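Everything below concerns the one structure shown next.
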DNA sequence: GCAACCTCTTGATTGTCGCTCAAGAAGTCG
DNA sequence: CGACTTCTTGAGCGACAATCAAGAGGTTGC
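Protein chains in written order, with the numbering used here: chain Z, 346 to 523; chain U, 346 to 523.
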């Protein structure tokens, strides 16, 4: 097989690079994850990586987008009638793997419009989910928007700060009891 | 005056550099704030800056430490008996100027022990303040730790996310009503 | 007065980083 | 077969944080 014409479809190659990036981002954090390292992990040179992704930020966005897709797929498959506490716990648990990326997402959102859009989408979709649940719960509609912000910030806070499991559970319980 | 012996005390020079750093960090964000830029702003060369501060991270830590000092000085001078809502509003207001640094603080805390310590100190001091207030309020002591976490995360969340003023106020009101 | 020492400043440089560009390889199509 | 397309890479660039040796000037002790 010619060295410059592998029998790998472009989208498969993209996915391989994205997967390598996710691994390196998770292990090393965004700043320490050099493009050279990611490329090596994916079995290409850095220049080839730039054929598939415009920039390191674009690669990061692709990783985040994939993770978000999986996350919301999982969240939306849960029973909408389950207790809020269970949902919140699942949300926090479901995002544990992505913890190293949460802060970076906020950092990058300040300078990259595509990432900012992803961040906003995350909040919008989470808000929509929560709103559905809270309406079912007959919470005073006037309180819902503020509560959704609070819940979202607490979720993010739990992901950005290392708490003992018991403390984390207590926060979730307290939040769900609001 | 000899060019290498300015009549400026070392601590004054440190403060000048720190002040320049704060300005550039605020305006450009940490990543875009190059050491060369900061040095220029302070009227020294980058090498001189390294005489006073070990690294860019150390400079960042010094800026954060100064800001934290000022913040808690202000917070502790408030009437402890005032309504929680007023305190929370003041906290969020008092940290507006430092907003650009909040996310970076979390990002750097992941890799720099001194900054992690600063971050922990911030939370510890805020928790102590809030605990005093909540005890006065006769909140169920079993709820206080979790509530303090919630309040802290919401404060940080408000600083990391651009909300309209009305929405922000609603969040603060809802939080204070817990 | 002089040498040793100290504080501070800077020219020069380094290695790493994200990224670009030109060139080449190989397949496809008219 | 030439033009075009897709993909890969060697070579290189500018920016960055940071280091180091050298120099300037003040201080101190003999």
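In this text, a Cβ means the ideal position worked out from N, Cα and C, and glycines have one as well.
These figures come from a predicted structure and were not determined experimentally.
### Message
Measuring alpha carbon to alpha carbon, tell me which residue in 432/U, 403/U, 435/U, 494/U is nearest residue 509/Z.
### Response
With distances taken between Cα atoms, residue 509/Z lies closest to 494/U.
### Message
Can you confirm whether the stretch 496-509 of chain Z touches the stretch 500-519 of chain U when touching is taken to mean that 3 or more C-beta pairs between the two stretches lie within less than 8 angstroms?
### Response
Of all C-beta pairs linking the stretch 500-519 of chain U to the stretch 496-509 of chain Z, three or more are shorter than 8 angstroms, placing the two stretches in contact.
### Task
Would you mind telling me which residues of chain U sit closer than 9 angstroms to residue 459/Z, beta carbon to beta carbon, in chain order?
Under the 9 angstroms cutoff, chain U gives no residues; its nearest Cβ is about 17 angstroms from residue 459/Z.
### Query
Just by C-beta distance, which residues in the stretch 370-391 of chain Z are closer than 9 angstroms to chain U?
Shown in chain order are the members of the stretch 370-391 of chain Z whose Cβ falls below 9 angstroms from a Cβ of chain U: 374, 375, 376, 377.
### Query
For a contact meaning CB atoms closer than 7 angstroms, what does residue 495/U contact in chain Z?
By Cβ distance, chain Z contributes 499, 516, 519, 520.
### Environment of residue 390/U [buried if 16+ CB atoms lie within 10 Å]
Burial call: exposed.
### Message
Residues of chain U with CB closer than 9 angstroms to the CB of residue 440/Z, please, in chain order.
### Response
Proximity of chain U to residue 440/Z at the Cβ level (cut-off 9 angstroms) is not reached, the minimal Cβ distance being about 14 angstroms.
### Query
Which word fits residue 458/U, buried or exposed, when buried means at least 16 other C-beta atoms lie within 10 angstroms of its C-beta?
Around the beta carbon of residue 458/U, fewer than 16 other beta carbons lie within 10 angstroms, which makes this residue exposed.
### Task
From the DSSP output, in three-state form, read off residue 348/U for me.
Caution applies to residue 348/U, whose pLDDT of 46 falls short of 50 and renders its modelled position unreliable; the value that the coordinates give is listed next. In this structure, residue 348/U counts as coil in the three-state DSSP scheme.
### Message
Considering only their Cβ atoms, is the gap separating residue 483/U from residue 525/Z smaller than 8 angstroms?
### Response
Nothing can be reported for residue 525/Z: it is not among the residues displayed for chain Z, which extend from 346 to 523.
### Environment of residue 407/U [buried if 16+ CB atoms lie within 10 Å]
Buried is the call here.
### Query
Comparing the C-beta of residue 452/Z with each C-beta of chain U, is any distance below 8 angstroms?
Among the CB atoms of chain U, one or more fall inside 8 angstroms of the CB of residue 452/Z.
#### Entry: chain U residues whose Cβ lies nearer than 7 angstroms to that of residue 505/Z
The contacting residues are 451.
### Task
Leaving out five residues on either side along the sequence, give the residues of the same chain with a beta carbon under 8 angstroms from the beta carbon of residue 513/U.
So the list reads 437, 503, once near-sequence residues are dropped.
### Task
Compare the beta carbon distance of residue 463/U and residue 410/U with 8 angstroms and say whether it is the shorter of the two.
Yes; because the gap between Cβ atoms is below 8 angstroms, this pair is in contact.
### Query
How should residue 448/U be labelled, buried or exposed, when 16 other C-beta atoms within 10 angstroms of its C-beta is the threshold for buried?
Around the beta carbon of residue 448/U, a 10 Å sphere encloses 16 or more other beta carbons of the protein chains shown; the residue is thus reported as buried.
#### Entry: Nearest neighbour of residue 426/U, chosen from 516/U, 480/U, 511/U [CA to CA]
Among 516/U, 480/U, 511/U, the Cα nearest to that of residue 426/U is on 480/U.
### Message
I'd like the list of long-range same chain contacts for residue 439/U, defined as Cβ closer than 8 angstroms, with 5 residues on each side in sequence excluded.
### Response
Closer than 8 angstroms at Cβ, skipping near neighbours: 416, 419, 420.
### Task
Report the residue from 469/Z, 371/Z, 405/Z, 377/Z whose alpha carbon sits nearest the alpha carbon of residue 441/Z.
Taking only the C-alpha atoms, the option nearest residue 441/Z is 371/Z.
### Message
Looking at the secondary structure, which residues open and close the alpha helix (DSSP H) in which residue 508/U lies?
### Response
Going by DSSP, residue 508/U is part of no alpha helix (DSSP H) at all; its letter is neither H nor E.
### Message
I want to see whether chain Z comes within less than 8 angstroms of residue 523/U, judged by CB atoms only; does it?
### Response
So yes, residue 523/U belongs to the interface.
#### Entry: Euclidean distance between Cα positions of residue 363/Z and residue 366/U
Separation of residue 363/Z and residue 366/U (C-alpha to C-alpha, rounded to the nearest whole angstrom) is 36 angstroms.
### Query
How is the alpha helix (DSSP H) around residue 480/Z delimited, first residue to last?
Segment 458-481, the alpha helix (DSSP H) holding residue 480/Z.
### Message
Here's a check: name, in chain order, each residue in its chain whose Cβ is nearer than 8 angstroms to the Cβ of residue 394/U, leaving out the five neighbours to either side.
### Response
Only 362, 380, 383, 384, 387, 404 meet the Cβ criterion.
### Query
Tell me which same chain residues have a C-beta within less than 7 angstroms of the C-beta of residue 348/Z, skipping the five on either side of it?
Low local confidence applies: a pLDDT of 47 at residue 348/Z is under 50, so the model's placement there is unreliable, with the coordinate-based value given in what follows. Once the five neighbours on either side are set aside, residue 348/Z has no close Cβ partner at all.
### Task
Return the CA-CA distance between residue 375/U and residue 392/U, expressed in angstroms with no decimal places.
For the pair residue 375/U and residue 392/U, the Cα-to-Cα distance works out to about 19 angstroms.
### Query
Using a Cβ-Cβ distance under 8 angstroms, would residue 368/Z count as near chain U?
For residue 368/Z, the answer is no, since every Cβ of chain U falls outside 8 angstroms of its Cβ.
### Residue-level contact to chain Z via CB, residue 488/U, 8 angstroms cutoff
Any Cβ of chain Z closer than 8 angstroms to the Cβ of residue 488/U would place that residue at the interface, and such an atom is present.
### Query
Which residues in chain Z sit within 8 angstroms of residue 455/U, going by Cβ to Cβ distance?
From the beta-carbon of residue 455/U, the residues of chain Z found nearer than 8 angstroms are 374, 445, 448.
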